[in-house]
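Encoded as structure tokens, the structure appears first; notes follow it.
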Amino acid sequence: MAVMNSTFIKYVLVGILNTAIHWSAMGCCVYLLKINQAASNFIGFSLAVTFSFFVNATWTFESKTSLKRYFLFVGFMGLLAYSFGWMGDKLSLEPLLTAAFFSAFSLVCGYLYSKFIIFSVKNT
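If you're matching positions, the sequence shown starts at 1 in full-length UniProt numbering and goes up one per residue.
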């Protein structure tokens, strides 16, 4: 149980930095470049997820990285990010509200996906 709590705390800490990267990039895309929320959320996510993948692999889960793991992680989380952006566009949500919903959902979903699928011992 202590190991799970330790990895979750590390995941949350990485997630805080990840969120700052994601929100900053998304905000620049929406407000400065006038790109729609779905694409902006995906761009912000892409920058942040790359940071997140490598830091979580090496520090949080103490696991090896590979292109396969990277693309599985980016693909799954990217689809999730785009879906939240699409929903934000359809519901005419404020972009930061869309980002907040995505951040909260992806924290839990991303941790479980990382721990049990991407960086699981059997996947080494």
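Positions of the beta carbon are idealized from the N, C-alpha and C atoms, including for glycine.
Beta carbon of residue 81 nearer than 8 angstroms to that of residue 51: Against the sequence shown, residue 81 aligns to sequence position 81. Against the sequence shown, residue 51 aligns to sequence position 51. Result no, Cβ atoms of residue 81 and residue 51 do not sit closer than 8 angstroms.
Where residue 16 falls, given that 16 or more other Cβ within 10 Å makes a residue buried: Reading the sequence shown from its first residue, position 16 is the one you call residue 16. So residue 16 ends up on the exposed side.
Inter-residue spacing [alpha-carbon to alpha-carbon] between residue 124 and residue 96: Stepping through the sequence shown from its first residue, residue 124 is reached at position 124. Stepping through the sequence shown from its first residue, residue 96 is reached at position 96. Below a pLDDT of 50, predicted positions are generally treated as unreliable, and residue 124, at 49, falls in that range; no measurement from the model is reported.
Rounded Cβ spacing between residue 40 and residue 85 (contact assumed at less than 8 angstroms): Here residue 40 corresponds to residue number 40 of the sequence shown, with the count starting at 1. Here residue 85 corresponds to residue number 85 of the sequence shown, with the count starting at 1. 7 angstroms between Cβ atoms; contact.
Cβ pair residue 42, residue 22 closer than 8 angstroms: Here residue 42 corresponds to residue number 42 of the sequence shown, with the count starting at 1. Here residue 22 corresponds to residue number 22 of the sequence shown, with the count starting at 1. No, these two residues do not count as a Cβ contact at 8 angstroms.
Classification of residue 18 by the beta-carbon crowding that lies within 10 angstroms, buried from 16 upward: Here residue 18 refers to the residue found at position 18 when the sequence shown is read from its first residue. Buried is the call here.
Buried or exposed by the 16-neighbour rule on C-beta atoms within 10 Å, applied to residue 5: Indexing the sequence shown from 1 puts residue 5 at position 5. Residue 5 is exposed by the Cβ-count criterion.
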